[in-house]
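Visitor:
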Amino acid sequence: MSSAWTPQDPLEALADAAGIAVEWVNARGEPRKVSPDTLRAVLGAMDLDAATPAQARESMDALRRTDDAPPALTVAMAGETLDLPPARSHRYVMHFENGTRAEGVAQDREGRLQVPVPDHPGYHTLEIDGRQYRLAVAPARCPTPAELLQQEAPRAWGMAAQIYSLRRADSTHPCAAGYGDFGALAEMVVQAARLGADAMAISPVHAMFGAEPDACSPYSPSSRLFLNVLYADPCAVFDVEQVRAAAAAVDASGSAAALERLPLVDWETAGSLRLALLRRLYDGFEHASPALRADYARFRQAGGDALQSHAIFEVLHARHGADWRQWPAELRNSRSTRTHGFGAAHEREVGFHVFAQWLARASLAHAQTAARGAGMRLGLIADLAVGTDPRGSHAWSRQADIIEGLSIGAPPDLFNPSGQEWGLAAFSPRALQTHGYGAFIELLRAVLADTGGMRVDHILGLARLWVVPAGAPPAAGAYLRYPLQDLLRLIALEAWRHQALIVGENLGTVPEGFNERLAQHGVLGTTVLWFQTEPLPPDAPAHAQPAFMPPSRWPDDALAMPATHDLPTVRGWWEGRDLDWRRRLFRDPSDTAARAIIRGRRASLWAGLRQAGLAPAGPPPDEAPIAAALSLVAATPAALMLAPLEDLAGLADQPNLPGTVSQHPNWRQRLPDVKNGLLDDPRLRARIDSIKKVRSRP
31 MSSAWTPQDP
41 LEALADAAGI
51 AVEWVNARGE
61 PRKVSPDTLR
71 AVLGAMDLDA
81 ATPAQARESM
91 DALRRTDDAP
101 PALTVAMAGE
111 TLDLPPARSH
121 RYVMHFENGT
131 RAEGVAQDRE
141 GRLQVPVPDH
151 PGYHTLEIDG
161 RQYRLAVAPA
171 RCPTPAELLQ
181 QEAPRAWGMA
191 AQIYSLRRAD
201 STHPCAAGYG
211 DFGALAEMVV
221 QAARLGADAM
231 AISPVHAMFG
241 AEPDACSPYS
251 PSSRLFLNVL
261 YADPCAVFDV
271 EQVRAAAAAV
281 DASGSAAALE
291 RLPLVDWETA
301 GSLRLALLRR
311 LYDGFEHASP
321 ALRADYARFR
331 QAGGDALQSH
341 AIFEVLHARH
351 GADWRQWPAE
361 LRNSRSTRTH
371 GFGAAHEREV
381 GFHVFAQWLA
391 RASLAHAQTA
401 ARGAGMRLGL
411 IADLAVGTDP
421 RGSHAWSRQA
431 DIIEGLSIGA
441 PPDLFNPSGQ
451 EWGLAAFSPR
461 ALQTHGYGAF
471 IELLRAVLAD
481 TGGMRVDHIL
491 GLARLWVVPA
501 GAPPAAGAYL
511 RYPLQDLLRL
521 IALEAWRHQA
531 LIVGENLGTV
541 PEGFNERLAQ
551 HGVLGTTVLW
561 FQTEPLPPDA
571 PAHAQPAFMP
581 PSRWPDDALA
591 MPATHDLPTV
601 RGWWEGRDLD
611 WRRRLFRDPS
621 DTAARAIIRG
631 RRASLWAGLR
641 QAGLAPAGPP
651 PDEAPIAAAL
661 SLVAATPAAL
671 MLAPLEDLAG
681 LADQPNLPGT
691 VSQHPNWRQR
701 LPDVKNGLLD
711 DPRLRARIDS
721 IKKVRSRP
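Heads up, the sequence shown stops at 728 in our numbering, and the numbers go up one at a time, no gaps.
1. Identify whether D39 lies in helix, strand or coil by the three-state DSSP scheme.
2. Could you pull the start and end residues of the alpha helix (DSSP H) that D325 belongs to?
3. From the DSSP output, in three-state form, read off Y163 for me.
4. Are V533 and G606 touching if we call contact CB-CB under 9 angstroms?
5. With contact counted as at least three CB pairs below 8 angstroms, one residue from each stretch, are the region 276–296 and the region 402–422 in contact?
6. For the 8 angstroms Cβ check, are there 3 or more pairs between the region 69–82 and the region 106–126?
7. Does the separation of the CB atoms of S427 and S364 fall below 9 angstroms?
8. Is the Cβ-Cβ distance between P133 and R121 less than 9 angstroms?
9. Taking buried to mean at least 16 other C-beta atoms within 10 Å of its own C-beta, is G602 buried or exposed?
10. Between the alpha carbons of H551 and A425, how many angstroms are there, rounded?
11. Please state whether DSSP places M484 in a helix, a strand or coil.
12. Would you say the region 448–468 touches the region 493–510, given that touching needs at least three Cβ pairs under 8 angstroms?
13. For W35, collect the residues of the same chain with a Cβ closer than 7 angstroms to its Cβ; drop the 5 residues on either side in sequence, then sort them by chain order.
14. What is the DSSP secondary structure of A469, reduced to helix, strand or coil?
15. Please list the segments of the alpha helix (DSSP H) lying wholly inside the region 220–281, counting only runs of 4 or more residues, in order along the chain.
16. On the premise that L255 lies in contact with L473, defined as a C-beta separation below 8 angstroms, what is that separation, rounded to the nearest angstrom?
17. For D569, count neighbouring C-beta atoms within 10 Å of its own C-beta (all shown protein chains included) and say buried if the count is 16 or more, exposed if not.
18. Since A223 and A395 are thought to touch, with beta carbons under 8 angstroms apart, how far apart are those beta carbons, to the nearest angstrom?
19. For A190 versus E217, is the C-beta spacing smaller than 9 angstroms?
20. Would L294 be called buried (16 or more neighbouring beta carbons within 10 Å of its own) or exposed?
21. Who does A106 pair with in a DSSP beta bridge?
22. Which of helix, strand or coil does DSSP assign to A86?
23. Of the residues H317, A637, A276 and Y153, which one's Cα is nearest the Cα of L103?
24. Tell me which residues share the same chain as G301 and place their Cβ nearer than 6 angstroms to its Cβ, disregarding the 5 neighbours each side in the sequence.
25. Measure the C-alpha to C-alpha separation of P442 and A57 and round it to an integer number of angstroms.
26. Check the C-beta distance from H595 over to Q684 and give it rounded, since I have them as a contact under 8 angstroms.
27. For the region 111–196, list the beta strand (DSSP E) runs that are entirely contained and at least 3 residues long, ordered along the chain.
28. Check the C-beta distance from L78 over to L41 and give it rounded, since I have them as a contact under 8 angstroms.
29. Whole angstroms is fine: what's the gap from R715's alpha carbon to M579's?
30. Near W560, which residues of its chain fall below 7 angstroms by C-beta distance, leaving aside the five closest residues on each side in sequence?
31. In whole angstroms, give me the CA-to-CA distance for K723 and L639.
32. Whose C-alpha, out of L510, A262 and I50, is nearest the C-alpha of R309?
33. Kindly indicate the opening and closing residues of the alpha helix (DSSP H) around Q398.
34. Hey, A348 and A241 are a contact pair by Cβ (cut 8 angstroms); roughly how many whole angstroms apart?
35. Short of 6 angstroms in beta carbon distance, which residues of its chain neighbour V486, apart from the five on each side in sequence? Order them along the chain.
36. Apart from the five residues just before and just after S32, which ones in its own chain have a Cβ nearer than 8 angstroms to its Cβ?
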């Protein structure tokens, strides 16, 4: 973890050894140094006392003892050579995870032993001179788009969906009750596949808070190990008429139909109604078929301690309030709670939350099976959030792995001069290494299950995260380093095991060489239309807009999109809807400035479209050229291009407006209710046809 820099001050030396960057460079290229108070606070959160120089030295000695111990897991790449300390015997045995073994003799190189790393990826065990080393052997890179799509130079396309925004084709379906779920997703992927789509990127589906259905930001989950049970589609397991009867029993007033007609999701009402439906089905589950009950039992057994802990948390959260750190002392320790018979005392409630997770997992698997069965070569691409809510299940059940007292954020930059504090907890880098990366591997497997790929939100977090001590302003934070090479290799290994595409969200400023590291490991980057522009000249007038790059200059090792959930849609950008929101919320820019920006935007994009042969001569139109903008992104050399459903449907508002909570309808906007189905709408089909036409060109 330590860098090459070796400071003399005991506090700074300890911080550097613990992975804290004492010095950093801001967005203007200016060097900055972290304050001693921040260093002590971050170190304290990592259980490293440094209040005095003597304590800092004692903590440094403890760190060195830890670093001198054999690693809990050695992460290597297939075909490399493993360097080991001296041993009396040079004979070794390699035990492979498939049960086979191989023997050999280590080579002595200047007092160190060298053992060839197996060519076959997997989790193996090396035994030499009475010592054992656990190995994670990664392939050279993640599976490539060409391998997964079985095409030498793929030019695939797909869609991106906020699951809650989807609508059932049949508005009278018993699960059509105010928001989209995994059942609506299954319907959408089948329709998309029939039109030629190979992928459907989805918003995060991590577990939220059962007792707080209105806590709806998918990037602030309770646990990334489990699923949002509000998305569970009971019809993936139970007969639709059985579900219809249960839905009628819990909705005597018929509120589901009214919720379904709303343009925005009423999470509190709709979420409570879905939970009531799941409880109704659970109450009658003892009468279910032996096959269903056996499947549930197998799911619960396979989930083990992690699933049991999450279910217990859900019960405690409903009974004792929002933050487990404020619960009675005997409940704050998750291990103690489990071992003192809580599960037995409250088996009925715990069983319900396991049941809800079972339904959610079965219905997500059904959606992926439907996608592949309908012809998608990739299917679902899941989204891995960068952290978890510190009040949640993951932080409670994995206290040894997650840092308490620090929040993920971002340092001050040109757009946020005060910095950002996201209210999310992160893994401890030292705990990851000490515990053999078990928490990270567990997370990857949870997200990659039942999907064809994974997008890693803020993938720079695999190298470093800006962490802010509790109660401090965002600017008073520090960068915490992470073992990037080990984490990328583990991603490559799990992607190989799951045969999954890996995409990293690497938008914005990243350290020199970072994107090259991603490419070396086969992780696709992310490019969006609004950022693929030429630099403005120094003497550019106020409100001047940069010219767009021709599609041929977009990178070929990145996923291509017009925008993300945090950026304006094509129509919203063209009409200046994001400027309207900024003016409404922050009184900036002025009406005059906004009109100038919009004129500049239109002229710039229209010129880029004309240059690419995607727009006729003449001035920019008043109506957003959505089809042409999507075609420009489709014309790039990217192996996979995604079209957000918001753009295909011509919506003006983006799913999320950063910097807002309730002021903007974040994570609530639904797609239009089209009579014959969204993907059969003529204007939407014309936009899809324009993508397909361009993507079909070599």
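All residues carry an ideal CB built from backbone N, CA and C; glycine is no exception.
Small disclaimer: the values here were computed from a predicted structure and weren't measured.
Guide: Based on what the coordinates show:
1. Numbered from its first residue, the sequence shown carries residue 39 at position 9. Correct three-state label for D39: coil.
2. In the sequence shown, residue 325 corresponds to position 295, counting from 1. Its alpha helix (DSSP H) spans residues P320 to H350.
3. Locating residue 163 in the sequence shown gives position 133, where the first residue counts as 1. Three-state result, Y163: strand.
4. Residue numbering aside, residue 533 sits at position 503 when the sequence shown is read from its first letter. Residue numbering aside, residue 606 sits at position 576 when the sequence shown is read from its first letter. Taking 9 angstroms as the Cβ cut-off, V533 and G606 do not qualify as a contacting pair.
5. no
6. no
7. To locate residue 427, count along the sequence shown from 1; it is residue 397. To locate residue 364, count along the sequence shown from 1; it is residue 334. Going by C-beta atoms, S427 is nearer than 9 angstroms to S364.
8. As a position in the sequence shown, residue 133 is number 103, starting the count at 1. As a position in the sequence shown, residue 121 is number 91, starting the count at 1. The residue you asked about is not Pro; residue 133 is Glu in the sequence shown. Yes. Within cutoff.
9. Numbered from its first residue, the sequence shown carries residue 602 at position 572. Result: buried.
10. In the sequence shown, the residue the question calls residue 551 occupies position 521. In the sequence shown, the residue the question calls residue 425 occupies position 395. Approximately 29 angstroms between the Cα atoms of the pair.
11. For the purposes of this step, residue 484 is identified with residue 454 of the sequence shown, where counting begins at 1. In the structure shown, M484 sits in a strand (DSSP, three-state: E or B).
12. yes
13. Residue mapping note: residue 35 aligns to position 5 of the sequence shown, counting from 1. Residue confidence is low: W35 scores 49 on pLDDT, short of 50, so the model does not pin down where it sits. Its coordinate-derived value is still stated next. D46.
14. As a first step, residue 469 is located in the sequence shown; it is residue number 439 there, counting from the start. Note: A469 maps to helix in three-state DSSP.
15. 270–280
16. The residue given as residue 473 occupies position 443 in the sequence shown. The residue given as residue 255 occupies position 225 in the sequence shown. Confirmed, Cβ separation roughly 7 angstroms.
17. To locate residue 569, count along the sequence shown from 1; it is residue 539. The residue in question, D569, is exposed, as its Cβ has fewer than 16 Cβ neighbours within 10 Å.
18. Numbered from 1 along the sequence shown, position 193 holds the residue referred to as residue 223. Numbered from 1 along the sequence shown, position 365 holds the residue referred to as residue 395. Incorrect: roughly 17 angstroms between the Cβ atoms, too far for contact.
19. Mapped onto the sequence shown, residue 190 falls at position 160. Mapped onto the sequence shown, residue 217 falls at position 187. Cβ atoms of A190 and E217: not closer than 9 angstroms.
20. Mapped onto the sequence shown, residue 294 falls at position 264. Flag for L294 reads exposed.
21. Position 76 of the sequence shown, counted from the start, is the residue given in the question as residue 106. Answer is V167.
22. Residue mapping note: residue 86 aligns to position 56 of the sequence shown, counting from 1. Three-state DSSP puts A86 in a helix.
23. Counting from one through the sequence shown, the residue named residue 103 turns up at place 73. Of the candidates H317, A637, A276 and Y153, the one whose C-alpha sits nearest the C-alpha of L103 is Y153.
24. Position 271 of the sequence shown, counted from the first residue, corresponds to residue 301. Cβ within range, chain order: P243 and L260.
25. As a working note, residue 442 is residue 412 in the sequence shown. As a working note, residue 57 is residue 27 in the sequence shown. Their Cα atoms are separated by approximately 8 angstroms.
26. Looking up residue 595 in the sequence shown gives position 565. Looking up residue 684 in the sequence shown gives position 654. Confirmed, about 7 angstroms.
27. 111–114, 121–125, 131–135, 137–139, 142–146, 152–158, 161–168 and 186–191
28. Numbered from 1 along the sequence shown, position 48 holds the residue referred to as residue 78. Numbered from 1 along the sequence shown, position 11 holds the residue referred to as residue 41. Actually they do not touch by this definition, with Cβ atoms about 10 angstroms apart.
29. Working through the sequence shown from its first residue, we reach residue 715 at position 685. Working through the sequence shown from its first residue, we reach residue 579 at position 549. Cα to Cα, R715 sits roughly 27 angstroms from M579.
30. Stepping through the sequence shown from its first residue, residue 560 is reached at position 530. A593, L597 and W603, listed in sequence order.
31. As a first step, residue 723 must be located in the sequence shown, where it is residue number 693. As a first step, residue 639 must be located in the sequence shown, where it is residue number 609. In a straight line, the C-alpha of K723 is about 16 angstroms away from that of L639.
32. By one-based count along the sequence shown, residue 309 stands at place 279. Ranking the options by Cα distance to R309, first place goes to A262.
33. Here residue 398 corresponds to residue number 368 of the sequence shown, with the count starting at 1. Residues E377 to G403.
34. Mapped onto the sequence shown, residue 348 falls at position 318. Mapped onto the sequence shown, residue 241 falls at position 211. That pair is a contact at about 4 angstroms.
35. Counting from one through the sequence shown, the residue named residue 486 turns up at place 456. Result list for V486: L414 and G534, in chain order.
36. Looking up residue 32 in the sequence shown gives position 2. Note that S32 scores 45 on pLDDT, short of 50, meaning its location in the model is unreliable; the coordinates nonetheless yield the value given after this. Cβ within range, chain order: D46, A47 and G49.
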